[in-house]
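Using our numbering, read the sequence shown as starting at 1 and increasing by one per residue.
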Amino acid sequence: MAIADVSAKPIAELVSLAGRVAVVTGGAQGLGHAMVNRLAEAGAAVLIIDLRAEQAAAAAAQVASATGSRVMSAAIDVTDEAAVSAVADLAVAELGSLDIWVNNAGLYPNVPLLNVTIEDWDKVMTVNLRGVFIGAREAARRMIDAGQGGVIVNVVSTAGFRGVAPGVTSYVTSKHGVRGMIKQMALELAPHDIRVLGVAPTFCTTEGNMAALAELPDRVREEIAATLSSRLGRVGVPDDIARAVLFAASDMSLFMTGSTLLVDAGETI
Ligand SMILES: NC(=O)c1ccc[n+]([C@@H]2O[C@H](COP(=O)([O-])OP(=O)(O)OC[C@H]3O[C@@H](n4cnc5c(N)ncnc54)[C@H](O)[C@@H]3O)[C@@H](O)[C@H]2O)c1
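This is the structure in structure tokens:
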């Protein structure tokens with residue numbers, strides 16, 4: 001197979017996801033919710049995976065009513081292999097195909113290096129690496145079965161490019177790992193017209209990180225703020241990242257695979 005040459009297509013058609021089906025993990029709140037919103041606005045039917053059942057169902061109903069697209073939710077854990085496999089089947093059975101899979105769910109606990117327990121370490125690796133691996137593999141299996149190609153987008157972080165702040169050794173390690181996974185999966189899936197891309201946000205205000213920051217001592221909060229400053233005059237909001245995910249998921253990025261797009265307001269310059 002070879003990826004299509006879309007030079008003659010109008011821009012509106014390249015951005016459109018009409019007729020496509022997307023799964024977004026961790027879509028009940030934060031960055032994931034904004035991604036669900038943009039993908040649905042572009043015409044995709046979307047299935048939200050999240051641990052938070054009520055919040056995911058409410059997000060699905062809100063986006064469906066705002067965009068007119070079909071949006072469903074499934075309350076499962078991304079680290080549960082059997083559940084993720086069943087939800088991938090559900091997307092195909094209920095929504096008609098599986099064209100886009102966004103691995104967004106992730107944990108970013110702040111624990112000083114010397115206090116990190118093996119349990120802390122394993123928890124982050126299980127969600128941020130195993131969860132991404134399971135989602136990507138299950139998506140790729142369905143996409144290969146259908147023979148229509150597809151896109152897998154993994155949400156990384158500027159923490160996948162450098163150390164960012166005190167207290168996030170396991171997080172930084174996991175996000176560097178996701179970048180490696182993206183490269184290797186892109187190699188192995190390219191023959192099936194499946195593209196694998198990363199989107200790496202800088203700090204954006206979300207329910208999750210506001211709650212996490214509130215628990216930290218002032219000194220640590222200040223150190224984090226110093227390393228994550230935006231050069232564009234304001235702090236990031238979830239839609240800043242969602243627009244980049246839409247680009248990655250759409251035919252606008254059709255000639256890209258294996259790379260991770262920094263959406264960092266100049267943080268890593
Ligand atoms: N917010 C930021 O500043 C920022 C910056 C860089 C990268 N990121 C990355 O973006 C992603 C989303 O971040 P956020 O700030 O929106 O997070 P958040 O905590 O606000 O939301 C994450 C969502 O994922 C869900 N989730 C967590 N673990 C899950 C699991 N095991 N199974 C299913 N669902 C699960 C949660 O219930 C929640 O709804 C993460 O991968 C994070 O590392 C965020």
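All C-beta atoms, glycine included, are put in the ideal place defined by N, C-alpha and C.
Euclidean distance between Cα positions of residue i and residue j
{"i": "Ala-88", "j": "Asp-239", "result": "25 Å"}
{"i": "Asp-80", "j": "Ser-230", "result": "36 Å"}
{"i": "Val-71", "j": "Ala-4", "result": "28 Å"}
{"i": "Leu-254", "j": "Ile-269", "result": "26 Å"}
{"i": "Ala-18", "j": "Ala-40", "result": "9 Å"}
{"i": "Ala-146", "j": "Arg-221", "result": "47 Å"}
{"i": "Ala-28", "j": "Lys-123", "result": "20 Å"}
{"i": "Ala-139", "j": "Leu-98", "result": "7 Å"}
{"i": "Leu-257", "j": "Arg-195", "result": "Here residue 257 turns out to be Thr, not Leu, going by the sequence shown. When rounded, the distance between both Cα atoms is 5 Å."}
{"i": "Leu-51", "j": "Gly-135", "result": "15 Å"}
{"i": "Thr-260", "j": "Pro-10", "result": "26 Å"}
{"i": "Leu-129", "j": "Ile-182", "result": "11 Å"}
{"i": "His-192", "j": "Glu-215", "result": "45 Å"}
{"i": "Ala-93", "j": "Trp-101", "result": "16 Å"}
{"i": "Met-210", "j": "Ala-8", "result": "45 Å"}
{"i": "Ala-284", "j": "Val-153", "result": "Residue numbering for the chain in the displayed model covers 1 to 269; residue 284 lies beyond these limits and cannot be assessed."}
{"i": "Ala-57", "j": "Ala-74", "result": "8 Å"}
{"i": "Arg-142", "j": "Gln-148", "result": "10 Å"}
Buried/exposed call for residue i, threshold 16 Cβ in 10 Å
{"i": "Ala-225", "result": "exposed"}
{"i": "Arg-219", "result": "exposed"}
{"i": "Leu-187", "result": "exposed"}
{"i": "Val-237", "result": "exposed"}
{"i": "Gly-180", "result": "exposed"}
{"i": "Leu-31", "result": "buried"}
{"i": "Gly-198", "result": "buried"}
{"i": "Glu-267", "result": "buried"}
{"i": "Ala-244", "result": "buried"}
{"i": "Gly-233", "result": "exposed"}
{"i": "Leu-262", "result": "buried"}
{"i": "Leu-228", "result": "buried"}
Cβ distance (whole Å) where residue i is taken to contact residue j below 8 Å
{"i": "Ile-290", "j": "Ala-91", "result": "Here the chain covers residues 1 to 269 and nothing more, so residue 290 does not appear."}
{"i": "Ala-200", "j": "Val-156", "result": "4 Å"}
{"i": "Val-172", "j": "Val-178", "result": "That belief does not hold up - the Cβ atoms of Val-172 and Val-178 are roughly 11 Å apart, past 8 Å."}
{"i": "Asp-251", "j": "Val-6", "result": "6 Å"}
{"i": "Val-78", "j": "Val-151", "result": "No, Val-78 and Val-151 are not in contact; Cβ-Cβ is about 18 Å, not under 8 Å."}
{"i": "Pro-112", "j": "Pro-166", "result": "7 Å"}
Residue i beta carbon near ligand 2 (any heavy atom closer than 8 Å)
{"i": "Ser-7", "result": "Ligand 2 is not part of the structure shown, which contains ligand 1 as its ligands."}
Does the count of Cβ pairs from the stretch 56-74 and the stretch 114-130 closer than 8 Å reach three? no
How about the stretch 91-107 and the stretch 159-167: do they share at least three Cβ pairs that are nearer than 8 Å? no
Inter-stretch contact (C-beta, 8 Å, three-pair minimum) for the stretch 198-209 and the stretch 9-17: no
Do three or more CB pairs link the stretch 41-49 to the stretch 21-31 at distances below 8 Å? yes
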